[in-house]
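Worksheet for the structure shown next.
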Ligand SMILES: Cc1cc2nc3c(=O)[nH]c(=O)nc-3n(C[C@H](O)[C@H](O)[C@H](O)COP(=O)(O)O)c2cc1C
């Protein structure tokens with residue numbers, strides 16, 4: 001699918017076909033593309049939980065104020081940030097490069113994140129944001145649809161996915177076969193309200 005077509009036809013789907021299943025090969029292919037999304041210093045601080053188990057999807061739906069998408073979608077992906085990624089064997093983030101480059105990145109990561117929970121959190125949100133859009137566009141390429149979601153009880157979802165202490169849930173994305181198209185777009189703001197040339 002043409003990239004512009006994928007961007008234009010991606011919509012937040014509310015009704016998914018509950019009989020549609022994704023194979024483990026399809027999920028693997030999707031995730032192999034998702035991890036090509038950019039992260040600062042290539043730190044890959046995202047962690048993804050791919051949920052296909054119906055009981056768990058039902059629990060997630062309940063945590064999502066009974067929204068139907070996690071229950072009926074083929075796959076729920078919970079996008080999390082690992083707040084300690086910056087210090088977990090960081091040399092491997094540049095393993096294809098020289099040791100000098102690896103050490104340089106390790107020092108930069110330490111400088112930026114060691115004393116700043118805010119930087120760690122911001123980075124998790126940035127990384128998951130990019131990965132989220134990749135999930136949704138790759139889903140279109142696979143003939144599937146998606147719905148990004150934050151309408152859930154954080155603690156309940158954390159409990160369901162057994163979230164580690166040093167991780168943050170950023171959002172979840174449901175992927176599946178649309179049963180109904182999305183309604184009319186809410187309406188985009190005019191370009192001149194959101195885009196500025198050279199400065200505000
Ligand atoms: C961070 C985020 C959280 C969202 N949470 C929900 C949600 O909990 N339930 C839902 O039905 N849609 C949710 N949406 C979908 C938005 O309502 C939707 O993307 C927006 O209205 C624009 O519509 P479109 O994606 O079809 O273009 C969410 C979208 C984003 C980006």
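Residue numbers (the numbering used here): 1 to 200. For each residue, glycine too, the CB sits at the ideal point set by N, CA and C.
Contact test: residue i Cβ vs ligand 1 heavy atom, cutoff 8 Å
i, result
"residue 130", "no"
"residue 76", "no"
"residue 80", "no"
"residue 149", "yes"
"residue 59", "no"
"residue 126", "no"
"residue 14", "yes"
"residue 67", "yes"
"residue 152", "yes"
"residue 182", "yes"
"residue 171", "yes"
"residue 176", "no"
"residue 6", "no"
"residue 10", "yes"
"residue 186", "yes"
"residue 63", "no"
Residue i burial status per 10 Å Cβ neighbour count (16 or more: buried)
i, result
"residue 200", "exposed"
"residue 114", "exposed"
"residue 65", "exposed"
"residue 4", "exposed"
"residue 111", "exposed"
"residue 151", "exposed"
"residue 125", "exposed"
"residue 173", "buried"
"residue 196", "exposed"
"residue 24", "exposed"
"residue 132", "buried"
"residue 38", "exposed"
Other residues of its chain near residue i: CB distance less than 8 Å, five sequence neighbours each side excluded
i, result
"residue 50", "27, 31, 75, 76 and 77"
One or two residues paired with residue i in a DSSP bridge
i, result
"residue 147", "174"
"residue 16", "178"
"residue 169", "80"
6 Å Cβ shell around residue i - same chain, five flanking residues per side excluded
i, result
"residue 136", "10 and 146"
"residue 120", "83 and 113"
"residue 139", "146 and 175"
Close-in-space but distant-in-sequence residues of the same chain around residue i (CB under 7 Å, 5 per side omitted)
i, result
"residue 167", "47, 80, 81, 82 and 83"
"residue 169", "78, 80, 154, 157, 158 and 163"
"residue 141", "1 and 6"
- Complete runs of the beta strand (DSSP E) confined to the stretch 36-88 [at least 3 residues]: 46-51 and 75-82
- Item | Segments of 3+ residues assigned as beta strand (DSSP E) that fall wholly inside the stretch 92-136 | none
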